[in-house]
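When you line the sequence shown up against the numbering used here, it's residues 43 to 108, in that order. By construction, the Cβ of each residue, glycine as well, lies at the ideal position given by its N, Cα and C atoms. Each remark here refers to the structure printed beneath this line.
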Amino acid sequence: MAGVNPISLLLGKSLPRLVSALILLSIQFPFTLLAITLGGVTFTQVLATYATLGAFLIGLSNLGLV
Numbered sequence: 043m044a045g046v047n048p049i050s051l052l053l054g055k056s057l058p059r060l061v062s063a064l065i066l067l068s069i070q071f072p073f074t075l076l077a078i079t080l081g082g083v084t085f086t087q088v089l090a091t092y093a094t095l096g097a098f099l100i101g102l103s104n105l106g107l108v
């Protein structure tokens with residue numbers, strides 16, 4: 043009807059949720075780097091945590107499409 047392919051429709055529904063969540067994570071990132079200077083946390087642990095959170099966010103943003 044409108045000439046929109048299915049991929050565009052799915053990305054249009056999931057990307058706004060994903061972008062807003064990733065913006066919140068990027069705002070929080072400098073504060074987690076502060077934990078490195080306070081000790082007890084390594085940069086590798088911080089990156090692993092953000093990679094896990096990113097994968098979880100991608101899963102949650104696409105969960106509503108099922």
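| Asked | Found |
| --- | --- |
| Simplified DSSP state of N104, which is helix, strand or coil | helix |
| Stretch-stretch touch, CB-based, cutoff 8 Å, three pairs: the region 46-58 with the region 82-89 | no |
| Alpha-carbon to alpha-carbon, V108 and L102 | 11 Å |
| Residues of its chain near S56, where Cβ-Cβ distance is below 8 Å and the 5 sequence neighbours each way are ignored | S103, N104, G106 and L107 |
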